[in-house]
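Student:
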Amino acid sequence: MRSFDETATGTFYLDFLGFDLVFEHRSTTDTRLYMGVKKDECALHLSEWGQIGFLNAQ
27 MRSFDETATG
37 TFYLDFLGFD
47 LVFEHRSTTD
57 TRLYMGVKKD
67 ECALHLSEWG
77 QIGFLNAQ
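Numbering follows this note's numbering, in which position 4 of the sequence shown is assigned residue number 30; successive positions increment by one, without gaps.
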């Protein structure tokens with residue numbers, strides 16, 4: 027899923043909805059965030075990268 031604001035995304039998924047952070051990834055400290063969260067059986071990947079998951083979309 028696409029995210030646009032790291033702070034707002036963390037506040038919403040981790041604090042408000044109660045998801046647990048599974049991982050965070052950045053290529054370098056100044057690049058966009060890619061993170062995984064999980065709550066019960068629901069796991070989501072959240073990314074500031076615009077085309078993640080749509081690489082073959084026309």
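Glycine included, every Cβ here is placed at the ideal spot set by N, Cα and C.
None of the values given here were measured: they were computed from a predicted structure.
Alpha carbon to alpha carbon, how far is Arg52 from Phe30?
Tutor: So the alpha carbons of these two residues sit roughly 15 Å apart.
Student: Could you tell me the distance, in whole angstroms, from the CA atom of Phe49 to the CA atom of His71?
Tutor: Each residue's alpha carbon lies about 9 Å from the other.
Student: Please classify Phe45: is it buried, with 16 or more other beta-carbons within 10 angstroms of its beta-carbon, or exposed?
Tutor: Under this definition Phe45 is a buried residue.
Student: Grab the span of the alpha helix (DSSP H) containing Glu32 for me, first residue to last.
Tutor: Taken as a continuous stretch (DSSP letters only), the alpha helix (DSSP H) holding Glu32 covers 32-36.
Student: Can you tell me which residues form a DSSP beta bridge with Phe49?
Tutor: Answer is Gly62, bridged to Phe49.
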